[in-house]
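Chains as they are written, first to last, in the numbering used here: chain A, 7 to 265; chain B, 24 to 281.
Take a look at the structure set out below.
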Ligand SMILES: Nc1ncnc2c1ncn2[C@@H]1O[C@H](COP(=O)(O)OP(=O)(O)OP(=O)(O)O)[C@@H](O)[C@H]1O
Ligand SMILES: [Mg+2]
């Protein structure tokens with residue numbers, strides 16, 4: 007209970023301070039209000055976007071793409087990660103390629119993606135898939151390598167063979183670590199969703215950003231950015247809760263035995 | 024009595040830092056059905072190596088091991104190993120952990136549950152069936168591991184320092200329980216320990232090993248009835264014999280007070 011009050015205080019004071027500074031800069035910074043809107047103007051812009059329905063539509067489109075791209079990435083990366091982690095000699099060959107691909111920003115692929123898949127939903131989905139894929143793959147592979155060999159001995163002893171070993175031992179054993187990868191991937195994917203939509207989409211939050219810029223509506227721009235941040239924060243909070251739940255059931259609880 | 028497990032001229036070498044190290048050298052051992060054997064010796068004398076070899080986790084290249092006339096090539100459901108760190112699956116509750124070994128058997132789900140419940144009851148954890156391992160003490164976790172092993176009704180139990188991580192009182196309690204279980208369930212047990220008292224309390228025969236190279240130094244039969252009394256004169260006499268085997272007996276062993 008104390009913790010809730012404490013974090014409520016942190017959030018209120020933190021954001022309160024930010025808004026005050028924002029207002030001060032807007033009032034006394036000498037910026038053109040059309041280029042640097044005040045908090046109030048941003049709020050009005052937000053109301054306008056909600057009122058004409060474009061914000062909700064944007065959120066809906068973005069979320070659908072996000073869900074499809076992210077789930078596809080998770081399924082692919084977990085399945086592949088389990089296999090590559092298990093057949094570690096194959097991973098030896100794949101790993102260098104992955105390490106080379108990983109630092110290439112998903113956005114660098116954008117020209118190709120647009121050339122190959124056109125514009126619309128698909129480029130954004132592929133960007134998210136790409137962005138979420140590597141964190142999940144890498145945590146899964148390293149999770150498999152760290153599975154306690156005793157579990158495997160126990161399974162062998164009881165005559166549990168492939169593919170049962172995967173379902174009964176390996177997958178559950180790496181699950182907490184995969185969960186960690188899922189959380190990393192969620193944040194990354196959200197960042198790149200918006201970026202992807204800015205280039206290749208005709209709707210969604212990223213598109214709203216570009217649209218606001220084209221219409222020289224800094225207040226809309228600010229409002230959409232705030233919404234992007236809030237949704238990202240909510241997604242992260244959600245998956246953190248899920249992660250806690252998992253680690254509690256797996257016996258890795260940090261806060262004692264829980265209630 | 025007929026010979027059940029035969030270890031014949033088994034050697035096991037490891038290369039450590041470019042040098043060959045003999046973890047087991049020309050080890051011969053025969054065990055009868057229903058015997059309680061303790062492997063006793065200092066760290067590094069090859070107890071775990073020998074146990075793993077007999078249990079099938081470590082295929083031997085030199086010498087041969089047979090159980091019931093069959094050469095040991097891999098682990099089998101008929102012989103269950105209980106590991107020092109219990110080897111419980113943390114994501115399964117007690118009930119599901121005990122069911123693990125039964126899942127590859129051709130029995131119904133209902134039957135599986137009943138067998139598991141029976142053995143959980145046997146080790147006194149009825150009220151903890153739905154707990155996860157991390158909610159149990161070390162002693163309770165070890166009981167779960169024992170229940171899981173017994174549930175598949177194996178002929179042999181291999182135990183590698185199963186009580187090593189437990190406090191003294193819990194250890195005594197579990198020693199009583201395992202001695203009791205061995206009698207009622209008629210299992211052959213191979214039990215690794217470096218606790219001399221534990222071996223005297225549990226074993227029918229104590230296999231004393233010495234390191235570098237790992238060898239069986241001598242085998243001490245424990246001709247004491249059960250249940251055993253840890254404070255009896257017989258117990259101390261045997262304990263002294265084991266100390267003597269390790270060359271650790273002080274020159275004057277018996278003192279008489281008048
Ligand atoms: N996989 C391995 N590779 C190299 N050396 C090994 C390996 N396994 C065991 N050894 C060596 O063989 C020797 C015997 O090991 P083992 O684990 O059987 O001893 P132990 O009697 O069980 O000791 P402890 O009481 O410490 O468990 C040790 O010197 C150990 O370092
Ligand atoms: Mg050992």
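Ideal Cβ placement from N, Cα and C applies to all residues, glycine included.
Source: prediction; values computed, not measured.
Min CB distance residue i to chain A below 9 Å
| i | result |
| --- | --- |
| residue 80 of chain B | yes |
| residue 99 of chain B | yes |
| residue 55 of chain B | no |
| residue 64 of chain B | no |
| residue 214 of chain B | no |
| residue 185 of chain B | no |
| residue 139 of chain B | no |
| residue 83 of chain B | no |
| residue 124 of chain B | yes |
| residue 131 of chain B | no |
| residue 103 of chain B | yes |
| residue 160 of chain B | no |
| residue 155 of chain B | yes |
Backbone CA spacing between residue i and residue j [nearest angstrom]
| i | j | result |
| --- | --- | --- |
| residue 177 of chain A | residue 115 of chain B | 13 Å |
| residue 222 of chain B | residue 153 of chain A | 33 Å |
| residue 171 of chain A | residue 262 of chain B | 44 Å |
| residue 213 of chain B | residue 226 of chain B | 9 Å |
| residue 264 of chain A | residue 254 of chain A | Any reading at residue 264 of chain A needs caution, since the residue's pLDDT is 33, under 50, leaving its predicted position unreliable; the model's value is listed next. So the alpha carbons of these two residues sit roughly 7 Å apart. |
| residue 149 of chain B | residue 161 of chain B | 17 Å |
| residue 1 of chain A | residue 38 of chain A | Outside the displayed range of chain A (7 to 265) lies residue 1 of chain A, so it cannot be described from this structure. |
| residue 160 of chain A | residue 76 of chain B | 15 Å |
| residue 29 of chain A | residue 88 of chain A | 51 Å |
| residue 88 of chain B | residue 33 of chain B | 8 Å |
| residue 163 of chain B | residue 113 of chain B | 14 Å |
| residue 133 of chain A | residue 198 of chain A | 7 Å |
| residue 95 of chain A | residue 101 of chain A | 10 Å |
| residue 20 of chain A | residue 174 of chain A | 46 Å |
| residue 12 of chain A | residue 72 of chain B | 55 Å |
Buried or exposed by the 16-neighbour rule on C-beta atoms within 10 Å, applied to residue i
| i | result |
| --- | --- |
| residue 116 of chain A | buried |
| residue 260 of chain B | exposed |
| residue 105 of chain A | exposed |
| residue 166 of chain B | buried |
| residue 8 of chain A | exposed |
| residue 209 of chain B | exposed |
| residue 27 of chain A | exposed |
| residue 196 of chain A | buried |
| residue 64 of chain A | buried |
| residue 28 of chain B | buried |
| residue 120 of chain B | buried |
| residue 118 of chain A | exposed |
| residue 14 of chain A | exposed |
| residue 215 of chain A | buried |
| residue 256 of chain A | buried |
| residue 239 of chain B | buried |
Any C-beta of chain B under 9 Å from that of residue i
| i | result |
| --- | --- |
| residue 76 of chain A | no |
| residue 256 of chain A | yes |
| residue 147 of chain A | no |
| residue 166 of chain A | yes |
| residue 181 of chain A | yes |
| residue 169 of chain A | no |
| residue 2 of chain A | This structure cannot settle anything about residue 2 of chain A, because the visible part of chain A is limited to 7 through 265. |
| residue 159 of chain A | yes |
| residue 4 of chain A | The structure shown does not extend to residue 4 of chain A, since chain A spans only 7 to 265, so no value can be given for it. |
| residue 178 of chain A | yes |
According to DSSP, residues forming a beta bridge with residue i
| i | result |
| --- | --- |
| residue 282 of chain B | Outside the displayed span of chain B (24 to 281) sits residue 282 of chain B, for which this structure offers no information. |
| residue 55 of chain B | B:26 |
| residue 238 of chain B | B:233 |
| residue 244 of chain B | B:228 |
| residue 89 of chain B | B:29, B:94 |
| residue 16 of chain B | Outside the modelled stretch of chain B, which goes from 24 to 281, sits residue 16 of chain B, for which no answer is possible. |
| residue 36 of chain B | B:45 |
| residue 102 of chain B | B:179 |
| residue 62 of chain B | B:215, B:230 |
Residues of its chain near residue i, where Cβ-Cβ distance is below 8 Å and the 5 sequence neighbours each way are ignored
| i | result |
| --- | --- |
| residue 92 of chain A | 150, 172, 176 |
| residue 50 of chain A | 225 |
Same chain, Cβ closer than 6 Å to residue i, neighbours up to 5 away in sequence not counted
| i | result |
| --- | --- |
| residue 6 of chain A | As displayed, chain A neither begins before 7 nor continues past 265, which places residue 6 of chain A out of reach and without an answer. |
| residue 74 of chain A | 131 |
| residue 158 of chain A | none |
| residue 38 of chain B | none |
| residue 170 of chain B | 121, 142, 143, 146 |
| residue 173 of chain B | 142 |
Other residues of its chain near residue i: CB distance less than 7 Å, five sequence neighbours each side excluded
| i | result |
| --- | --- |
| residue 22 of chain A | none |
| residue 49 of chain B | 32, 34 |
| residue 210 of chain A | 64, 67, 68, 71, 130, 203 |
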